[in-house]
Structures are given as structure tokens and as C-alpha cells.
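K.L.:
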Amino acid sequence: MSREHVTILGAGLAGSLLAIYLARRGYDVDVYEGRPDMRDTEIPAGRSINLALANRGIRALREVGLYQAVHDLLITMRGRMLHDVGGELSFQPYGKNDDEVIYSVSRGGLNELLLNTAQHQYGVNFHFQQRVMAADLGAGSVRMRDYDGDRQYVLEGSPVIAADGSGSIVRRQMSKLPGYRAREDYLDHAYKELTIPAAETGGHRIDANALHIWPRGDYMLIALPNLDGSFTVTLFLQRSGPDSFESLTTPEAVTEFFSREFPDTLELIPDLTTHFFENSTGSMVTVYCQPWRAGGRFLLIGDAAHSIVPFHGQGMNCAFEDCYELDRCLAEKGAPGPRGWERVFAEFETRRKPNADAIAAMALENYVEMRDTVRDPRFHLKKELAWELERRFPETFVPRYSLVMFHHVPYAEAQRRGVIQQEILDALIGDRASLDHIDYEIGGKLIAERLASHTRIATSG
Ligand SMILES: Cc1cc2nc3c(=O)[nH]c(=O)nc-3n(C[C@H](O)[C@H](O)[C@H](O)COP(=O)(O)OP(=O)(O)OC[C@H]3O[C@@H](n4cnc5c(N)ncnc54)[C@H](O)[C@@H]3O)c2cc1C
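Take the position in the sequence shown, starting the count at 1, then add 1217; the result is the number in my numbering.
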């Protein structure tokens, strides 16, 4: 009997990991990707060269036996290294102990590993330079353009899983259906990537085991380490206004802005003005849409369904968790067969949509935290208190950041707990300037009253 066939659109992070999951379940998988094969093409500069990988992404990779291979691509980031305007550094750990860390990983390196594994270990068929032009949602067919041979053709046969990223053609096609809800919220801020090259000796010029932040209130610069000793630096800035991408139009203006706001980076980024004008300026969008599917014929996954802003470092992690959850739906609902995909897609959407909405909201909130709140001493006091409460009540009180980054509780549950925990922290701290006289007995009572009804958190993380 021939194996059931699944088509995936997009061979980015979600599409290639999903191909592995589906091929592992015995499906015959074809993946169509608009770009050339990244394994023999240079990736253009300025496209989020590295990413923060956390526990949700790691679990999804571990499940298909890839974590060991991925491990060789990672650099541990233990916390945030804050750079103030005077060049003073302060370090804020991410978690309560050395196990609670996140990792910097090369997008290209990770994507290549996924492509190679899918193709060579699982026999997935990849078709590069094949662009989705339109989808016929009723018929379950996709109009494609072959950029290699410059011809158009139609892909027949469903199910089709669209992992074609935040600008998904399939989603835009779905949004024309009656009753469909879709919104793309663009931030007023944009981003630009720059580089701190490796030191002449080959090592990193600044601490490699931290995510560096230059928080400046309305904007910020961040830097994540790469294995070759360099850092990928990202400037997040308003599109228009006095200090903005619109106002930085000359090398002199860029140099003046960096000398004023990020003086310690001038020595670190030697090609600042060249790269500033050569590299593209990227947009950031939150995508909300519903449904994520058209019957059992089409499903949106990853950024195509729920693109989020990058400030919680969760877009890829969430997309990987999608793959893990879709696989669980397949396992729990049994082999769908030609007619059963609708059931599986519906179950997947029911499980994931509230969680995607929750991480979208938390990612937006985290932008304010990263560029501004991290400078406030009360923020640190609350963080210290949150860890102290976690030490005392480890299964009930876990800081929201930790729930998102180091645990697997659904994002929506992390968000709900986060609101209650914030109120408990505010009540305990009041207007105190230190943790010296915190009443932990009252803390324990509040936690028991307000959090005990929630699921207990596994302490293993
Ligand atoms: C600046 C920045 C920093 C980020 N940092 C982090 C981070 O630290 N941690 C984290 O977890 N996430 C981060 N993200 C988010 C992360 O990049 C995305 O969530 C992730 O790439 C989603 O994977 P995806 O496969 O759904 O989409 P993509 O990775 O965008 O893949 C989509 C694929 O579809 C292809 N495609 C698109 N249109 C078509 C078409 N018409 N036809 C055929 N193929 C098509 C594309 O070429 C691409 O290969 C960041 C994003 C940005 C912009």
C-alpha cells in the first residue's frame, strides 16, 4: 500500500522540523521552498542570523533525537548583560540557578541540520526555488511558480501544511473567506542587524555567555554571540521621529547617534556605518488569525499562523512546539487517513490558538521590559523576591519568565499565573526598597489562596 502523502509549504525552521516529525510517522513528505537551497547559497546579511533557543524548542528537537547534534551549535547565555550609557556593566541572571539558561544558535546552522536530517535520514523530498503563488482552499490545490525553470504549475492533493512564514500566502488567501478573522499588527519600531567581529585572537570581544542589552527607554541594542567569535547585534528603533531609522540618513548621523547612546560599541563595531546602510531594515509583526485551517485540506503552522515580535525569544520555540503538539494530536487521534485530517487540524488549533495569543501578548510586554524596565531598581527587587518565593514554594510560585523559558506549561497558563504573581509581588513589596522585612508568612498565604488551584509546576523544569 502506498504511503499517505503530505505537502509542506516552506522549508524554514517549522517546515523542516515538521517534515521530520511527519516522515518519522511514516508519511511521504514533499516540501516546497521559495528560496534556493541554503546549504549551497550565501544567506543575505541582516536576517536574524542567530536566535535564542529555550526549553520548548529543545524539547521538540529532543523528541526527534536531534538535541545532541544541535548541542554542538549552541552557546549558553546565562543572563542579560546590561550596558549603561557610561559603559558600566551589570549582569542579571535569567534563572534561579545555573541550569536555567538559554542558548544562542545560528539560524542557518540549525535550519541546515533540519534539512539534512529530513532529507538524508527520513527521505523527505525538498523542492527549492518553488514559490507558492496562490491556494485554492476549496479544491485543496496550490498554484506554484518554479523559479528554476520559470514556469507555473498546480500542486494537487491534500493535506497541505503551510509553514510559509509571517507573510504566508495561504493565510492571506484564507483571510478572504467569509467569516475569517485576520489581523497583522506592525510595530512602530523596526530592526537592523550589525556585527561585532571576532577578536584578532579569534575569541569573543565581550562576555560570550550573556545576551547583551543596551536599554535606552524608547529603543535598544542587543547582541547575541556566535560560535565564530562574532556577535550579531540588533538595533530596535522607531521608524520615524527624532531618533529613528527615518532620521539616521547619513554616516555622520549614525555615528553621532551611536556615540551619544551606545559609546562603548563604537570600538566593537568597526564597520558600523557601512553595515548600517548595506543591511536591510526589518519589520516586526504580530499576526492574529482564525481559523488556522481550511477543512482537512490546509493548516497554518509556525509564523504563518501566529507570527510574534521577537522580544521574548519565542517565535521559533513556539513554532517548534507547534510541531511537537501536532505530532501529539496525530498520536492521540490515530492515523487520520484521507478524511481524518480535519479532526486532527481542529484539535491542534484548539490546543494552540489560546497559547499563541498568550505568547504574542507576553512578547509585546517584554519589549518594554528589555528596553526600559530592566533599568528600574524595583524591577530587580521584584525579580529577587520572585526567586525567593520560588525557592520557598517551588511547585506553586515560578516567575513568569521562567515558566515561558524553562518549563513547558502552556503559554496561556504562564500568562494567567503571571498576572496573579505580579499582584502578590506588589502586595509583598509595597514601597519597600529591600527584601529585609518581607513577610513570607503572608506571602505563603497569598500563594496558597490564589495559586493553589492552578496545576502544580514540575520542579524538574
Ligand atoms: C529579528 C528577529 C529575531 C528573532 N529572534 C528569535 C529568537 O531569539 N528566538 C526565537 O525563538 N524566535 C526568534 N525569532 C522568530 C523566528 O525567527 C520565527 O518565529 C521562526 O523563524 C518561525 O519559523 P517558520 O518556519 O514558521 O517561519 P520562517 O522561518 O520565516 O520560514 C518560512 C519559510 O517559508 C518560505 N516561504 C515564504 N513564502 C513562501 C512562498 N510564497 N513560497 C514558498 N516558500 C515560502 C521562506 O523562504 C522560509 O524559508 C526572531 C525573529 C526576528 C525577525
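Here a beta-carbon is modelled for each residue, glycine too, at the ideal position from N, C-alpha and C.
Fair warning: this is a prediction, and the values are worked out from it, not measured in the lab.
For Phe-1453, count the other beta carbons within 10 Å of its own beta carbon; 16 or more makes it buried, fewer makes it exposed. Which is it?
P.N.:
So Phe-1453 ends up on the buried side.
K.L.:
By the three-class DSSP mapping on this structure, what secondary structure does Ser-1677 have?
P.N.:
Interpretation of Ser-1677 is limited by its pLDDT of 44, a score under 50 that renders its predicted location unreliable; the figure taken from the coordinates is listed afterwards. DSSP places Ser-1677 in coil when its eight states are reduced to three.
K.L.:
Could you tell me which residues DSSP puts in a beta bridge with Gln-1369?
P.N.:
Paired residue(s): Arg-1362.
K.L.:
Could you tell me which uninterrupted alpha helix (DSSP H) segments, each at least 4 residues in length, are contained entirely in the region 1248–1320, listed from first to last along the chain?
P.N.:
Runs of the alpha helix (DSSP H) inside the region 1248–1320: 1272–1280, 1284–1288.
K.L.:
Return yes when at least one heavy atom of ligand 1 lies under 8 angstroms from the C-beta of Arg-1278, else no.
P.N.:
A small fix is needed here, since residue 1278 is Leu in this sequence, not Arg. It does not: the Cβ of Leu-1278 is nowhere closer than 8 angstroms to a heavy atom of ligand 1.
K.L.:
Run through the region 1429–1462 for me and flag every whole beta strand (DSSP E) of 3 or more residues, listed as ranges in chain order.
P.N.:
Runs of the beta strand (DSSP E) inside the region 1429–1462: 1437–1442, 1448–1455.
K.L.:
From Gln-1309 to Asp-1315, what does the alpha carbon distance come to, in whole angstroms?
P.N.:
Spanning the two alpha carbons is a distance of roughly 12 angstroms.
K.L.:
Suppose you measure from the CA of Met-1361 to the CA of Ile-1518; what does that come to, to the nearest Å?
P.N.:
Between Met-1361 and Ile-1518, the C-alpha separation is close to 19 angstroms.
K.L.:
For the region 1429–1440 and the region 1471–1483, state whether three or more C-beta atom pairs, one from each stretch, are separated by less than 8 angstroms.
P.N.:
At 8 angstroms Cβ cutoff, the stretches touch.
K.L.:
What three-state label does DSSP hand Thr-1672 in the structure shown?
P.N.:
Three-state result, Thr-1672: coil.
K.L.:
Pull up the distance between the alpha-carbon of Leu-1332 and that of Tyr-1320, whole angstroms please.
P.N.:
Taking the straight line joining both Cα atoms gives about 21 angstroms.
K.L.:
Would Leu-1230 be called buried (16 or more neighbouring beta carbons within 10 Å of its own) or exposed?
P.N.:
Leu-1230 comes out buried.
K.L.:
Taking just the CA atoms, how far does Ala-1415 sit from Ser-1447?
P.N.:
For Ser-1447 and Ala-1415, the distance between alpha carbons rounds to 4 angstroms.
K.L.:
For the beta strand (DSSP E) holding His-1682, just list the boundary residues, first then last.
P.N.:
Residue numbering for the chain in the displayed model covers 1218 to 1678; residue 1682 lies beyond these limits and cannot be assessed.
K.L.:
Of all the beta strand (DSSP E) runs that stay within the bounds of the region 1376–1408, which reach a length of 3 or more residues?
P.N.:
Correct list: 1377–1379, 1398–1403.
K.L.:
Using a 10 Å radius around the Cβ and a threshold of 16 neighbouring Cβ atoms, would you call Pro-1376 buried or exposed?
P.N.:
Its Cβ being crowded by 16 or more others within 10 Å, Pro-1376 is buried.
K.L.:
Residue range of the alpha helix (DSSP H) that Tyr-1618 falls in?
P.N.:
It spans 1617–1623 - the alpha helix (DSSP H) in which Tyr-1618 sits, taken as one unbroken run.
K.L.:
In whole angstroms, what separates the C-alpha of Thr-1224 from that of Asp-1247?
P.N.:
Taking the straight line joining both Cα atoms gives about 5 angstroms.
K.L.:
Expressed to the nearest angstrom, what Euclidean distance is found between the alpha-carbon atoms of Ala-1629 and Glu-1612?
P.N.:
Approximately 18 angstroms, taken between the alpha carbons.
K.L.:
Rounded C-beta distance between Leu-1327 and Val-1287? I'm assuming under 8 angstroms.
P.N.:
Confirmed, Cβ separation roughly 7 angstroms.
K.L.:
Determine which residues share a DSSP beta bridge with Asn-1342 and list them.
P.N.:
Bridge partners of Asn-1342: Asp-1247.
K.L.:
Considering only the beta carbon of each residue, do Gln-1336 and Phe-1343 sit closer than 9 angstroms?
P.N.:
For Gln-1336 and Phe-1343, yes; Cβs fall inside 9 angstroms.
K.L.:
Determine the burial state of Pro-1527: buried for a count of at least 16 other Cβ atoms within 10 Å of its Cβ, exposed for fewer.
P.N.:
So Pro-1527 ends up on the buried side.
K.L.:
Residues in its own chain within less than 8 angstroms of Leu-1483 by CB, not counting five upstream and five downstream?
P.N.:
Hits under 8 angstroms: Thr-1472, Phe-1475, Ser-1476, Leu-1489.
K.L.:
Can you tell me whether DSSP reads Met-1350 as helix, strand or coil?
P.N.:
It is a strand residue.
K.L.:
Quick one, which of Asp-1445, Arg-1667, Ile-1486 has its alpha-carbon nearest Val-1322's?
P.N.:
Of Asp-1445, Arg-1667, Ile-1486, the residue nearest in Cα terms is Asp-1445.
K.L.:
Taking 8 angstroms as the cut-off, is the beta-carbon of Ala-1240 closer than that to any non-hydrogen atom of ligand 1?
P.N.:
Incorrect: Ala-1240 has no Cβ contact closer than 8 angstroms to ligand 1.
K.L.:
Hey, could you find the ends of the alpha helix (DSSP H) Phe-1494 is sitting in?
P.N.:
Residues 1489–1495.
K.L.:
With Leu-1327 as the anchor, note down where its alpha helix (DSSP H) starts and where it stops.
P.N.:
Where Leu-1327 is concerned, the enclosing alpha helix (DSSP H) stretches over 1324–1333.
K.L.:
Of the choices Leu-1299, Tyr-1397, His-1624, whose alpha-carbon is the least far from that of Cys-1506?
P.N.:
Selected option, being the one with the closest Cα: Tyr-1397.
K.L.:
Should Ser-1323 be listed as close to ligand 2, given that the test is whether its C-beta is under 8 angstroms from any heavy atom?
P.N.:
This structure simply doesn't include ligand 2; it includes ligand 1 instead.
K.L.:
Pull up the distance between the alpha-carbon of Phe-1537 and that of Asp-1648, whole angstroms please.
P.N.:
Straight-line Cα distance between these residues: approximately 41 angstroms.
K.L.:
Determine the contact status of Arg-1634 and His-1671, defining contact as a CB-CB distance below 9 angstroms.
P.N.:
Yes, Cβ-Cβ distance for Arg-1634 and His-1671 is below 9 angstroms.
K.L.:
Enumerate in chain order the residues of its own chain whose CB-to-CB distance from Val-1371 is below 6 angstroms, with the five nearest sequence positions on each side excluded.
P.N.:
Contacts found: Ser-1358, Arg-1360.
K.L.:
What are the boundary residues of the beta strand (DSSP E) that Gln-1639 is part of?
P.N.:
From DSSP, Gln-1639 is part of no beta strand (DSSP E) but of the alpha helix (DSSP H) over 1628–1646.
K.L.:
Pull up the distance between the alpha-carbon of Gly-1340 and that of Glu-1564, whole angstroms please.
P.N.:
Rounded to whole angstroms, Gly-1340 to Glu-1564 spans 28 angstroms at the Cα level.
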